[in-house]
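Numbering (full-length UniProt numbering), first residue to last: 1 to 174. What follows is one structure encoded as structure tokens, with my remarks underneath.
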């Protein structure tokens with residue numbers, strides 16, 4: 001019986017890197033599209049601290065990829081990915097706003113979000129195509145996960161702070 005490590009190792013040694021790059025890019029485009037759809041639907045429901053905090057917690061399970069050698073990233077690249085992710089999060093923090101409807105707090109629909117998401121998708125694809133010639137595909141996948149996690153955590157912390165501020169103001173008005 002195969003162990004999971006053997007299967008992952010075989011995948012990265014027997015499948016040509018171009019197939020891994022194209023396949024992972026298609027999956028990323030699909031996931032980006034799904035993120036936009038989920039975000040659009042979520043804007044129709046009131047926001048809560050739980051709905052703000054849970055996405056980074058769910059995403060954190062992706063760190064299990066680093067159990068496998070193929071996904072491990074050198075420390076300097078970890079720092080680079082975290083810094084770039086935090087810079088991207090500033091855009092999301094600035095463009096994510098809330099509004100009051102029927103005494104409930106909702107995420108305000110933003111046309112900028114679509115353009116930001118598309119910009120991030122394009123930037124990621126271009127970076128992946130450029131970097132895939134000098135960094136192996138597994139390591140590159142690890143770097144992009146770190147970048148995404150470094151982006152979502154500050155963004156969600158910013159959202160939580162904005163939410164608490166509005167909730168506090170709402171409590172003062174009542």
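Built from N, CA and C at the ideal position, the CB exists for glycine as well.
query	result
Curious, which full-length beta strand (DSSP E) runs of at least 3 residues does the segment 61-131 contain?	98-101 and 104-107
Under three-state DSSP, which class holds residue 154?	helix
Answer with buried or exposed for residue 16, where buried requires no fewer than 16 other C-beta atoms within 10 angstroms of its C-beta.	exposed
How big is the Cα-Cα spacing for residue 52 and residue 34?	18 Å
Could you check the C-alpha separation between residue 20 and residue 135 for me, to the nearest Å?	13 Å
Between the segment 149-158 and the segment 85-95, are three or more C-beta pairs nearer than 8 Å?	yes
Once the 5 residues before and after residue 104 are set aside, which same chain residues still bring their CB inside 6 Å of it?	46
State the DSSP-derived secondary structure class of residue 47, mapped to helix, strand or coil.	coil
DSSP state of residue 7, grouped into three classes?	helix
Can you tell me whether residue 150 is buried or exposed, with buried defined as 16 or more other CB within 10 angstroms of its CB?	buried
Please classify residue 16: does DSSP put it in a helix, a strand, or coil?	coil
DSSP three-state label for residue 136, please.	coil
Thinking C-alpha only, which one of 110, 167 and 13 is nearest residue 41?	110
Taking all protein chains shown into account, do 16 or more other C-beta atoms lie within 10 angstroms of the C-beta of residue 64, making it buried, or fewer, making it exposed?	exposed
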